[in-house]
Amino acid sequence: MERIAVFPGSFDPFTLGHESIVLRGLKLFDRVIVGVGSNDSKQPFFSPEARVAMIRDLFQDEPRIDVQYYTDLTIDFCRRNKAQYMLRGLRTTSDFEYERVVAQVNQAMLPEVESVFMLTFPEHTAINSTVVRKVLRYGGDVSKFLPARLNIQRYMPR
Ligand code: ADP
Numbered sequence: 114m115e116r117i118a119v120f121p122g123s124f125d126p127f128t129l130g131h132e133s134i135v136l137r138g139l140k141l142f143d144r145v146i147v148g149v150g151s152n153d154s155k156q157p158f159f160s161p162e163a164r165v166a167m168i169r170d171l172f173q174d175e176p177r178i179d180v181q182y183y184t185d186l187t188i189d190f191c192r193r194n195k196a197q198y199m200l201r202g203l204r205t206t207s208d209f210e211y212e213r214v215v216a217q218v219n220q221a222m223l224p225e226v227e228s229v230f231m232l233t234f235p236e237h238t239a240i241n242s243t244v245v246r247k248v249l250r251y252g253g254d255v256s257k258f259l260p261a262r263l264n265i266q267r268y269m270p271r
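Numbering (the working numbering), first residue to last: 114 to 271.
Okay, structure coming up:
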């Protein structure tokens, strides 16, 4: 049976840390579906269309990666896509505390889907979409924190 993992997140924007988790995920799973969620507690900087487009463009040569926007519960998104795994990245202990609660709630609601956590590479621990957005707002150069092939200027809100 095909092993399908959903990698859910806001990806506002998609960083080097996210890219690394997706590429490492491809070694464990047959398919990785990047689920661009609408996080209602965060006002997005990039529109959903821009976030989906930047990730699709980045992985256009990798048929095992799919990118979709969703607005319902992540477990329902997993169910729809027949995913058996939910992939998440862990940077710090505060990530762990947050992820633990989310994963345990998801497990209670949909036990068939197993959450899988990957420890960030040390060089990606400080990379954080919130900080990248702040630097972008003030016109700073964020290229160091983004995948090399991602030309963020193409997706900037007007
Ligand atoms: P969310 O709003 O769901 O936290 P994010 O886009 O911030 O969405 O993160 C999506 C996933 O990517 C989360 O599992 C998060 O821990 C992980 N992640 C974020 N930044 C990094 C990074 N620098 N390295 C590895 N994983 C990361």
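Glycine included, C-beta positions come from ideal geometry on N, C-alpha and C.
query                                                                                                                                                                   : result
Specify the secondary structure class of aspartate 179 as computed by DSSP and reduced to three states.                                                                 : strand
Roughly how many angstroms lie between the CA atoms of isoleucine 178 and valine 145, to the nearest whole one?                                                         : 5 Å
Tell me which residues share the same chain as phenylalanine 209 and place their Cβ nearer than 7 Å to its Cβ, disregarding the 5 neighbours each side in the sequence. : Leu203
Jot down the residue ranges of each uninterrupted alpha helix (DSSP H) in the segment 191 to 255, minimum 4 residues, whole runs only, in chain order.                  : 206 to 222 and 242 to 250
Please say whether leucine 141 and valine 229 have beta carbons closer to each other than 9 Å?                                                                          : yes
DSSP beta-bridge partners for isoleucine 117?                                                                                                                           : Arg144
How about phenylalanine 127 and leucine 249: do their beta carbons lie closer than 9 Å?                                                                                 : no
In the DSSP assignment, the alpha helix (DSSP H) including arginine 164 goes from what residue to what residue?                                                         : 161 to 171
Got a sec? Which residues, its chain only, sit under 7 Å from tyrosine 268 by beta carbon, not counting five neighbours each side?                                      : Phe159, Ala163, Ala166 and Met167
Rounding to the nearest angstrom, what Cα-Cα distance links alanine 261 and threonine 243 in this structure?                                                            : 19 Å
Tell me which residues share the same chain as glycine 150 and place their Cβ nearer than 7 Å to its Cβ, disregarding the 5 neighbours each side in the sequence.       : Pro121, Gly122, Ser123, Tyr183 and Thr187
Hey, out of Pro270, Glu212 and Gln217, whose CA is closest to arginine 246's CA?                                                                                        : Pro270
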